[in-house]
Amino acid sequence: MVMQFDEERSGAARLTEPLNRLPLRDQAVGVLRDMVVTGALRGGERINEAELAARLGISRGPLREAIQRLGAEGFVEFRLNRGAFVRTMSPEQIRHLYEVRELIEVRAAELAAARASETGIGRLREMLQVTDELLSQGSDAAYPPELDLHELVLEMADNSELRRIGSDLQNQVKLARMTAGRAPDRARQALAEHREILSAITARDSRRANRAMRKHLRASFAQLFPLGAAETDLGARPSDAAR
């Protein structure tokens, strides 16, 4: 059976669809990743293999392989003689992540403004329209994967290496959000920032796309740390925290 995390229906992972062609290990990776980023598996929680295998309806072999994969992706950490735990991120680690994210995604926005096809721009415009409709209906939850502006901008940049690195970073961003939490009104503000990015890309203005993406990422980072402590200031130098 295909493993599919169905939190809305049951609050637990369920095997809800017929068998597909993916190996059980790969199916389990997707389910466990979803459980981490939705908080079904909480940061710092020990992963109980026997219990989780029973919930998913699979043997412990492919589950163990999936946990190892999540360790390589940074979602899970292994503690000597204690097992696997859902990783949490310190404020410093989150700041470092966002510093790298800014380097990658700002460049992606610049390239997207120069290289994006009209079809890609149309997809981005439609994505933001759907997002607006969801928010108007009162949905302030995390956007579904098909509404991820950042993944689409990485694709529109037409650089396979940039896209690979940026996509890997997105997994860590999801973990950072689960660690630090999300501001309840952030989604509407983010949509306005996304529209600025779209406007710049549509105008083929790489400089404006640079500024719009940088502004968006720094606002996203700031909402993770609303107190604005020096050590969590994305624009600060590391030495500034000691002053």
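Position 154, counted from 1, in the sequence shown is what the UniProt record's numbering calls 154; the numbers after and before it change by one each time, with no gaps. C-beta atoms are modelled at their ideal positions from N, C-alpha and C, and glycine is treated no differently. Predicted model, so just to flag it, every value in this text is computed and none were measured.
Taking 8 Å as the threshold (C-beta atoms), are residue j and residue i in contact?
i, j, result
"Ala-192", "Val-153", "no"
"Leu-63", "Glu-77", "no"
"Met-89", "Thr-179", "yes"
"Ile-104", "Ile-165", "yes"
"Leu-52", "Leu-124", "no"
"Met-156", "Arg-214", "no"
"Gly-44", "Phe-85", "yes"
"Arg-186", "Gln-223", "yes"
Could you check how far apart the C-beta atoms of residue i and residue j are, in whole angstroms? I think they sit under 8 Å.
i, j, result
"Gly-83", "Arg-42", "So it is not a contact: roughly 15 Å between Cβ atoms."
"Leu-135", "Arg-195", "Actually they are not in contact, since the Cβ atoms of Leu-135 and Arg-195 sit about 12 Å apart, beyond 8 Å."
"Ala-66", "Leu-22", "Actually they do not touch by this definition, with Cβ atoms about 11 Å apart."
"Val-29", "Lys-174", "Wrong, their Cβ atoms sit about 14 Å apart, outside the cutoff."
"Ile-58", "Leu-24", "6 Å"
Leaving out five residues on either side along the sequence, give the residues of the same chain with a beta carbon under 7 Å from the beta carbon of residue i.
i, result
"Ala-200", "Ala-113, Arg-208, Ala-209, Ala-212"
"Asn-159", "Leu-111"
"Arg-9", "Confidence at Arg-9 is low in this model, with a pLDDT of 40, below 50, so its placement is unreliable and no value can be given for it."
"Val-106", "Asn-210, Met-213, Arg-214"
"Arg-243", "Low local confidence applies: a pLDDT of 37 at Arg-243 is under 50, so the model's placement there is unreliable, and no value is given."
Which residues share a DSSP beta bridge with residue i?
i, result
"Gly-83", "Arg-79"
"Arg-125", "Answer is none; Arg-125 lacks a bridge partner."
"Arg-55", "DSSP lists no partner for Arg-55."
"Arg-46", "Phe-85"
For residue i, which residues of its own chain have a beta-carbon under 6 Å away from its beta-carbon, when the five flanking residues on both sides are left out?
i, result
"Leu-162", "Ala-108"
"His-216", "Glu-193"
"Val-206", "For clarity, residue 206 is Ser in the given sequence; the question names Val instead. Counting only Cβ-Cβ distances below 6 Å, and skipping sequence neighbours, we find Glu-110, Ala-113, Ala-114."
"Leu-149", "His-194"
Once you ignore the five residues that flank residue i on each side, which residues in its own chain have a CB closer than 8 Å to its CB?
i, result
"Ala-203", "Ala-113"
"Arg-87", "Gly-43, Gly-74, Phe-75, Val-76, Glu-77, Leu-175"
"Arg-60", "Glu-49, Ala-50, Ala-53"
Does the count of Cβ pairs from the region 158 to 174 and the region 89 to 104 closer than 8 Å reach three? yes
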